[in-house]
Amino acid sequence: MIADKTTTPRLASHIVNGVLAIKPLANLAKYQAKQMIIKRAEKIGVPWTKKVQTLQAHDWEAELAKVQNSQLTYPDYYLRSFHAYDKGNLSWEAALEVEVAAYAVHANIWPHAGLQGDPKLRQSYHDILTNSIPYQPKDILDLGCSIGMSTFALQEVYPEAKITGLDLSPYFLAVANYYTQQRHASIKWIHAAAEATQLADASFDLISIFLMCHELPQSATREIFAEARRLLRPDGYLAIMDMNPKSENYRKMPPYIFTLLKSTEPYLDEYFTLDIEQTLVEAGFKAPTITANSPRHRTVIASVIK
-12 MIADKTTTPR
-2 LASHIVNGVL
8 AIKPLANLAK
18 YQAKQMIIKR
28 AEKIGVPWTK
38 KVQTLQAHDW
48 EAELAKVQNS
58 QLTYPDYYLR
68 SFHAYDKGNL
78 SWEAALEVEV
88 AAYAVHANIW
98 PHAGLQGDPK
108 LRQSYHDILT
118 NSIPYQPKDI
128 LDLGCSIGMS
138 TFALQEVYPE
148 AKITGLDLSP
158 YFLAVANYYT
168 QQRHASIKWI
178 HAAAEATQLA
188 DASFDLISIF
198 LMCHELPQSA
208 TREIFAEARR
218 LLRPDGYLAI
228 MDMNPKSENY
238 RKMPPYIFTL
248 LKSTEPYLDE
258 YFTLDIEQTL
268 VEAGFKAPTI
278 TANSPRHRTV
288 IASVIK
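Laid out in structure tokens, this is it:
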């Protein structure tokens, strides 16, 4: 059902795009997608409503002031609706629901995984990561870190490393910084675009991108890979964990579910038609290894060309 690895999406994708171009239908699809996720969360024991209400009681504006770069200009692609939120990632609603949504969305990756689906997905990525990198990275950058779930997980894998989390949403970073204080962790959070980080050349051994590329137009992905190449040291690695376009799960996805998915992911066609191997090579990396790490995800590992 999802687009082939070509420049033209399949007929099903064209039909869905046509449906989603009609605003009332698009809004209905987004609403249904959101309700489906909430229902799944509550069913498996994730207290979505209670968790979000508890977070809403916190003084988030004070947290926002600690991390926000008020001079930052957001790229146009980031100002679109994402994940059924009209303001995309630039809202408190999105930031306060990331964690419960992750547990709900990842609950059915493996049969009967339930609440263990999310940690199992992260572990599957880290198993490939640690087996692929022949040394302990000292400086790690988590690009598109969101509220820090992927960043904290990296810290557990590499407890001796200096870890930086970077994201374009100050709302996400405010939540990440709040959780850092709760955990008494030591992570540096940066509010910046992944394609223009303003960080120093060759300053990281490992850059990790966890579930971000499918939210990007191809032009932004290419810029981010080039920026990652600039930031990595001569023996550095770029690791990407994301949806697997070749997965049978996506190819056999029912049209109704496919429509709901696309209503919340505006750049899905661009992601599924991206030649990620060639794009990485063009950015200055060696040909990557690509390994399926779940029935619908893949891990891409690319090292720098010295």
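Positions -12 to 293 (my numbering) are the ones given, in order, by the sequence shown.
Note that beta-carbon positions come from the ideal geometry of N, C-alpha and C, so glycine has one too.
Kindly indicate which residue of the options has the alpha-carbon position closest to the one of residue i.
| i | options | result |
| --- | --- | --- |
| A187 | K74, P62, R217 | R217 |
| E86 | Y166, L153, L255, V144 | Y166 |
| T278 | I263, V291, K38, M199 | I263 |
| Q185 | I211, M199, A161, N164 | I211 |
| I194 | I24, G32, R220 | R220 |
| S137 | I24, A270, D229, W79 | D229 |
| E38 | A88, M23, D63, P62 | Here the sequence assigns Lys to residue 38, which means Glu is not the residue at that position. Among A88, M23, D63, P62, the Cα nearest to that of K38 is on A88. |
| I292 | W97, F272, M23 | F272 |
| P106 | S281, Q40, F245 | S281 |
| A52 | F159, H93, Y64 | F159 |
| P204 | Y237, I134, L255, A180 | L255 |
| I288 | I24, K26, T117 | T117 |
| R168 | T208, G135, S190 | The sequence given here places Gln at residue 168; Arg does not occur at that position. Per the Cα distances, G135. |
| S234 | M23, A274, I96 | I96 |
| Y64 | P241, V92, E257, Q40 | E257 |
| L198 | V33, S133, K30 | S133 |
| Y224 | A189, S206, C200 | A189 |
| G32 | L42, R238, A94 | A94 |
Would you mind stating whether residue i and residue j have Cβ atoms separated by less than 8 angstroms?
| i | j | result |
| --- | --- | --- |
| D222 | I127 | no |
| I196 | G131 | yes |
| T251 | F69 | yes |
| L157 | Q58 | Correcting the residue identity first, residue 157 is Pro in this sequence and not Leu. Contact flag unset, no. |
| T260 | I115 | no |
| E202 | E182 | no |
| A81 | Y90 | no |
| D154 | L141 | no |
| W35 | A28 | yes |
| G75 | L83 | no |
| N231 | H171 | no |
| Y145 | P121 | no |
| G152 | A161 | no |
| S119 | T276 | yes |
| A180 | P253 | no |
| A148 | R209 | no |
| I25 | V92 | no |
Residues bridged to residue i by DSSP?
| i | result |
| --- | --- |
| D154 | H178 |
| I277 | V287 |
| I96 | I96 pairs with nothing; no bridge assigned. |
| S195 | D129, A226 |
| F272 | V291 |
| Y72 | F69 |
| A183 | A180 |
| K149 | D126 |
Please give the ranges of any beta strand (DSSP E) in the stretch 108 to 142, keeping only runs that are unbroken, at least 3 residues long and fully inside the region. 126 to 130
I'd like to know if the stretch 109 to 121 and the stretch 40 to 54 are in contact, where contact means that at least 3 CB-CB pairs between them fall below 8 angstroms. no
Do the stretch 171 to 183 and the stretch 97 to 109 meet, that is, are 3 or more Cβ pairs less than 8 angstroms apart? no
What are the start and end residues of each continuous beta strand (DSSP E) run of 3 or more residues lying completely inside the stretch 207 to 250, in chain order? 219 to 230
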